[in-house]
């Protein structure tokens, strides 16, 4: 995931908002994704955003995309202990009718009382 | 609906041994992927298959081979395991350009 960068760790208090940031390098990426990984489990898609959008909101999740700066963020409102996990940013690079996902290193979110 | 199924879930190999990781999906997806996950490095793409009958190298293909046996199955083979291949391996499938679905992972230790 060397082309997609994230900070490795974030600690927040329960009830506060969490903001996880990501930068990517391929300006032609069509889709950008946020995945969540709980301990011992595979990755689950949280949300995604098309590259022609600036913002997407889905319940407690807000995704902001700044194409000029190639910056993507995920805001989790009212963070709960169940949100503790590793969050991966990923960009979709496609050609010839298929895509492959390139992931960042993941941000470990710790939620404390 | 099983989604993406990987076997085995855990494996310990001695250096130089070979093994095949199996992956099957029941969602009729065209694209399938193998990733490895290492601490602090996220997921790195080993190989992918855009469609049945095609495979391509990802970021870290050395030491691995793959077979897209049919549309459902995509296997990853280690011919001569090395300690550097100790990792958690994930298989995924997707239908362009939507989300990728991941298996539960195979935790491999090479001693």
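Chains as they are written, first to last, in my numbering: chain A, 1 to 113; chain B, 1001 to 1111.
A virtual CB, placed ideally from N, CA and C, is assigned to each residue, including glycine.
In this text the structure is predicted, and so the values were computed from the model without any measurement.
CB contact check: residue i to chain B, cutoff 7 Å
i: residue 74/A; result: no
i: residue 70/A; result: no
i: residue 119/A; result: Outside the displayed range of chain A (1 to 113) lies residue 119/A, so it cannot be described from this structure.
i: residue 110/A; result: no
i: residue 45/A; result: yes
i: residue 64/A; result: no
i: residue 85/A; result: no
i: residue 32/A; result: no
i: residue 82/A; result: no
i: residue 36/A; result: no
i: residue 103/A; result: yes
Cutoff 7 Å: residue i Cβ touching any chain A Cβ
i: residue 1104/B; result: yes
i: residue 1099/B; result: yes
i: residue 1074/B; result: no
i: residue 1048/B; result: yes
i: residue 1010/B; result: no
Cβ shell of residue i (< 7 Å), same chain only, five flanking positions each side left out
i: residue 1004/B; result: 1023, 1025, 1091, 1092, 1093, 1101, 1102 and 1103
i: residue 1/A; result: Low confidence applies to residue 1/A: its pLDDT is 43, below 50, so where it sits in the model is not reliable, and the reading given next is rough at best. Excluding positions up to five away in sequence, the list reads 102, 103, 104 and 105.
i: residue 56/A; result: 47, 49 and 63
i: residue 16/A; result: 79
i: residue 42/A; result: none
Residue from the options whose Cα sits closest to the Cα of residue i
i: residue 60/A; options: 43/A, 72/A and 78/A; result: 78/A
i: residue 93/A; options: 40/A, 33/A and 7/A; result: 33/A
i: residue 76/A; options: 91/A, 109/A and 25/A; result: 109/A
i: residue 73/A; options: 53/A, 45/A, 36/A and 89/A; result: 89/A
i: residue 21/A; options: 13/A, 58/A and 7/A; result: 7/A
i: residue 9/A; options: 113/A, 107/A and 112/A; result: 107/A
i: residue 1006/B; options: 1040/B, 1076/B and 1047/B; result: 1076/B
i: residue 1040/B; options: 1064/B, 1017/B, 1072/B and 1087/B; result: 1087/B
i: residue 1052/B; options: 1066/B, 1061/B, 1042/B and 1060/B; result: 1066/B
Own chain, CB closer than 8 Å to residue i, minus 5 neighbours either side, in chain order
i: residue 27/A; result: 67 and 70
i: residue 83/A; result: 18, 76, 109 and 111
Residues near residue i by beta carbon distance below 6 Å, same chain, minus five either side
i: residue 1012/B; result: 1109
- Decide yes or no for the touch test of the segment 1079-1099 of chain B against the segment 1032-1042 of chain B: beta carbon pairs closer than 8 Å, at least 3 of them. yes
- Query: Along the segment 1029-1042 of chain B, what residues have a CB closer than 8 Å to any CB found in chain A?
  - Reply: 1030, 1031, 1033, 1035, 1040, 1041 and 1042
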